[in-house]
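Protein chains in written order, with my numbering: chain H, 22 to 232; chain E, 22 to 232.
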């Protein structure tokens, strides 16, 4: 049996592929490695056309081998479809009662941005880079984000209100993660939640703000 | 003297370069051609890294010759710096009294998107594609958009409030122009202005919404 691997923030192939006697640890390592691969893929898809990115590029960026990516995801297209899918992210984004959903979504987005440098929905902005794949990204976004939120809403114009609530989140993501606004980035998360959350909530449950 | 050119929606080199006896017309043609070149350049910068775009690409997309671009803009770098500058766009975006600025900005953005397919500030989202040029884009955005708006605001935290107001606009631009939300795109402009404008205004002049 190999000695216990040393703790490492950056998951690597060795720990993920090791014949670890503690299955919980091995599973966590595998999840961390998969997450690193997804992160690397997102990073590249924000900067290069889908067709220009090779498996080797993703492997290098993630600090793993290309065969390990194949082991986890099957092939490049399967990896990319996973990155172009919003379902897992939206699960946690929408995980709050409707009456507190505005603040929850703002908080969830800011926490992801500040703690992990990730955003649950922001990658839709890179759709223009990816030609037909961009259309798949748009269709996923509509079905898995906007329409999914609209299903939660009561009252008229739920489709429009959901799109406007999502607009607010997208804009905050752009300001934080892309424009890198210094005030938004340095303000306490709860301060921004209190300032911005009510505007999101007003789209979800209109009238509660003014009433 | 050449016969009067036929009216054309697409500006071309011939009309822009023609020795027209009516200076007003010639000037308008030149402006239309310059606008078409800027538009082509923006289109390409949303899809390709700055370094991969040639003058020929821009010329082809704009339907003009590369020498005409040089005549109007000097060189590729000068053209790109103009596209990476927000000053002219922000002039009209901010052209309203503070108490009506929220609705005005939303209306201005939606009108540009629906009538001309352009957005005054959305191109900041493509900063990640452009390496060091992306940093210039970010610096311009901060100075010419967020800080410029903050200067108009009274009361505490004007920098943060300006960034949050700009976030709202960015998000609406992403939803309309990139995600192509069907509800936002089909709603009457004034309907969206009434729903979304107050949230922008609340950042500009806090308390007027609830009060």
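All C-beta atoms in this analysis are idealised placements derived from N, C-alpha and C, irrespective of residue type, glycine included. Because the structure is a prediction, the values reported are computed rather than measured.
Whole-angstrom C-beta distance between residue j and residue i, which should lie under 8 Å
i, j, result
"residue 87 of chain E", "residue 80 of chain E", "4 Å"
"residue 119 of chain E", "residue 192 of chain H", "The pair is not a contact, with the Cβ atoms about 20 Å apart (cut-off 8 Å)."
"residue 90 of chain H", "residue 76 of chain H", "6 Å"
"residue 210 of chain E", "residue 132 of chain E", "6 Å"
"residue 214 of chain E", "residue 128 of chain E", "5 Å"
"residue 85 of chain H", "residue 184 of chain E", "Actually they are not in contact, since the Cβ atoms of residue 85 of chain H and residue 184 of chain E sit about 37 Å apart, beyond 8 Å."
"residue 122 of chain H", "residue 225 of chain H", "6 Å"
"residue 67 of chain E", "residue 159 of chain H", "Actually they do not touch by this definition, with Cβ atoms about 14 Å apart."
"residue 126 of chain H", "residue 161 of chain H", "The Cβ separation is near 18 Å, so there is no contact."
"residue 144 of chain E", "residue 82 of chain E", "Contact doesn't hold; Cβ gap of about 15 Å is too wide."
"residue 220 of chain E", "residue 220 of chain H", "4 Å"
Where residue i falls: helix, strand or coil (DSSP)
i, result
"residue 179 of chain H", "helix"
"residue 174 of chain E", "coil"
"residue 75 of chain H", "coil"
"residue 224 of chain H", "helix"
"residue 229 of chain E", "coil"
"residue 87 of chain H", "helix"
"residue 95 of chain E", "coil"
"residue 202 of chain H", "coil"
"residue 196 of chain E", "helix"
"residue 45 of chain H", "helix"
"residue 149 of chain E", "helix"
"residue 218 of chain H", "helix"
"residue 101 of chain H", "helix"
"residue 56 of chain H", "helix"
"residue 208 of chain E", "coil"
"residue 168 of chain H", "helix"
"residue 117 of chain H", "coil"
"residue 50 of chain E", "helix"
Boundaries of the alpha helix (DSSP H) in which residue i is found, first to last residue
i, result
"residue 287 of chain E", "Lying before the first or after the last residue shown, residue 287 of chain E is absent from chain E, which here runs from 22 to 232."
"residue 160 of chain H", "152-162"
"residue 124 of chain E", "122-132"
"residue 108 of chain H", "108-114"
Beta carbon proximity, residue i to chain C, threshold 7 Å
i, result
"residue 198 of chain H", "The structure shown contains no chain C; the protein chains it does contain are H and E."
Classification of residue i by the beta-carbon crowding that lies within 10 angstroms, buried from 16 upward
i, result
"residue 212 of chain E", "exposed"
"residue 231 of chain H", "The predicted position of residue 231 of chain H is uncertain, since its pLDDT is 47 and thus under 50; a value taken from the coordinates is nonetheless stated next. Exposed."
"residue 218 of chain E", "buried"
"residue 182 of chain E", "buried"
"residue 116 of chain E", "exposed"
"residue 152 of chain H", "exposed"
"residue 110 of chain H", "buried"
"residue 198 of chain E", "buried"
"residue 50 of chain H", "buried"
"residue 113 of chain E", "exposed"
"residue 175 of chain H", "exposed"
"residue 207 of chain E", "exposed"
"residue 108 of chain H", "exposed"
"residue 167 of chain E", "buried"
"residue 223 of chain E", "buried"
"residue 99 of chain E", "exposed"
"residue 164 of chain H", "exposed"
"residue 177 of chain E", "exposed"
"residue 155 of chain H", "buried"
"residue 54 of chain E", "buried"
"residue 180 of chain H", "buried"
"residue 141 of chain E", "buried"
"residue 44 of chain E", "exposed"
"residue 19 of chain E", "The structure shown does not extend to residue 19 of chain E, since chain E spans only 22 to 232, so no value can be given for it."
"residue 33 of chain H", "Residue confidence for residue 33 of chain H is low, a pLDDT of 38 falling below 50, so the modelled location carries little weight; the figure read from the coordinates is stated next. So residue 33 of chain H ends up on the buried side."
"residue 95 of chain H", "exposed"
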